[in-house]
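Numbering (this note's numbering), first residue to last: 1181 to 1478.
Structure first, then comments.
Below is the structure:
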């Protein structure tokens, strides 16, 4: 399916492959690469800049790698424990909203059931559930279960939804731990951390922020509502100040809109004027948090 081809193209591009702009445009039509008109081979193109490893400021602490706890081999895992994250032959149970996407897409490229030559290129890791962050043991068990069909050394994209938890330090620690699990497989895997503007600002302000690590790519969720478009621009300007200490990092802008459609001219003008920071802009139709709250209060 074309959607799977797009995922593979995006993953290959994140690891230095060809630019898949035409493929993405054909699939959605609302996605475009914000490259400022530069060819991918140009030294100032976002693809070239992002390959450089950002070095921490002098004297700044580097995130420590937490110790790994021993875990059973995949074939030795308890059946009930495997079922907790979705065992082969049955879709994963829906414990919270993060599990809904996996249920809707079950059977297409599920890492537990896909053929060896049709493994997904993006794995979604749940670090939050039942109102709290998961502990390292649960994350490690989930990681082993989801990656057991991947050959050692094979790369994939790790997607982490960080939009639910409010404890930014806990989210930062979970991403660091996930990185240690990836390192154990001896492969280079991009880690896509999806957060709101306020949470990305808080993440950038941490002294031991994972944004210092070269293979961590933040994805910014922006909800633009009609009549309050200036609020989105104000959030972007606040984010720009917080991200000034990370000049090499490119951010994926995920702009969510709903009917009645807002006036996006100012938001797009702001994003387009900063191609070094926002290399890819994605649009999607989704209700904003304020609209959801209003709906459920009726």
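Virtual Cβ for every residue (Gly too), placed ideally from N, Cα, C.
Since we're looking at a predicted model, the values are computed, not measured.
Requested in this report: Please report the residue range of the alpha helix (DSSP H) in which residue 1380 lies.
Outcome: 1377 to 1385
Query raised in the report: Around the C-beta of residue 1149, are 16 or more other C-beta atoms found within 10 angstroms, so that it is buried, or is it exposed?
Result: There is no way to answer for residue 1149, as the model of the chain reaches only from 1181 to 1478.
Query - residue 1341 versus residue 1402 - alpha carbon distance - result: 14 Å
Query raised in the report: So, do the region 1438 to 1453 and the region 1393 to 1401 have three or more beta carbon pairs nearer to each other than 8 Å?
Result: no
**Report entry** Distance between residue 1442 and residue 1380 (C-alpha atoms, nearest Å)
**Finding:** 23 Å
**Report entry** Cβ-based neighbour list, residue 1386, same chain, cut-off 8 Å, excluding 5 preceding and 5 following
**Finding:** 1348, 1349, 1352
Requested in this report: Taking residue 1307 as the reference, give the member of 1418, 1345, 1361, 1333 with the closest Cα.
Outcome: 1345
**Report entry** For residue 1384 and residue 1423, believed in contact at Cβ under 8 Å, the rounded distance
**Finding:** 5 Å
Report task. Using beta-carbon positions only, say whether residue 1358 and residue 1371 come within less than 8 Å of one another. Result -> yes
Query raised in the report: Using a Cβ-Cβ cut-off of 7 Å (strictly less than) and excluding sequence neighbours within five positions of residue 1466, which residues of its own chain qualify?
Result: 1436, 1438
Report task. Confirm, please, whether the CB-CB distance from residue 1366 to residue 1333 is below 8 Å. Result -> yes
Query - Sequence-distant residues of its chain with Cβ nearer than 7 Å to residue 1361 (five each side left out) - result: 1320, 1323
**Report entry** Exposure label - residue 1325; buried when at least 16 CB within 10 Å
**Finding:** buried
**Report entry** Exposure label - residue 1457; buried when at least 16 CB within 10 Å
**Finding:** buried
Query raised in the report: Sorted by chain position, which residues of the same chain lie with C-beta nearer than 7 Å to residue 1450's C-beta, five sequence neighbours on each side aside?
Result: 1413, 1416
**Report entry** Beta carbon of residue 1339 nearer than 8 Å to that of residue 1303
**Finding:** yes
Query raised in the report: Who are the Cβ neighbours of residue 1327 in its own chain at under 8 Å, not counting the five residues just before and after it?
Result: 1291, 1303, 1336, 1365
**Report entry** Segment limits, alpha helix (DSSP H) that includes residue 1413
**Finding:** 1409 to 1422
Query raised in the report: For the ligand ATP, is there a heavy atom less than 7 Å away from the beta-carbon of residue 1354?
Result: The ligand ATP is absent from the structure shown, which contains no ligand whatsoever.
Requested in this report: Taking residue 1462 and residue 1432 to be in contact with their CB atoms under 8 Å, please state how far apart those CB atoms are, rounded to whole angstroms.
Outcome: 7 Å
Report task. Check whether the Cβ atoms of residue 1343 and residue 1405 lie closer than 8 Å to each other. Result -> no
**Report entry** Reduced DSSP secondary structure (H/G/I, E/B, other) of residue 1339
**Finding:** strand
Query - Residue of 1314, 1301, 1409, 1474 minimising C-alpha distance to residue 1368 - result: 1301
Requested in this report: Measure the Cβ-Cβ separation of residue 1397 and residue 1354 and say whether it is below 8 Å.
Outcome: no
Query raised in the report: Using the C-alpha atoms, what's the distance from residue 1317 back to residue 1329?
Result: 20 Å
Query raised in the report: In this structure, does DSSP put residue 1302 in helix, strand or coil?
Result: strand
Query raised in the report: Beta-carbon of residue 1384 versus every beta-carbon of chain C: anything under 8 Å?
Result: Reference to chain C is not applicable here, since this structure consists of a single protein chain.
Query raised in the report: Using the C-alpha atoms, what's the distance from residue 1315 back to residue 1464?
Result: 32 Å
**Report entry** Cα-Cα separation, residue 1453 to residue 1411
**Finding:** 18 Å
Query raised in the report: How long is the line joining the alpha carbons of residue 1476 and residue 1363, rounded to whole angstroms?
Result: 43 Å
Query raised in the report: Along the chain, where does the beta strand (DSSP E) that runs through residue 1435 open and close?
Result: 1432 to 1437
Query raised in the report: Under three-state DSSP, which class holds residue 1447?
Result: helix
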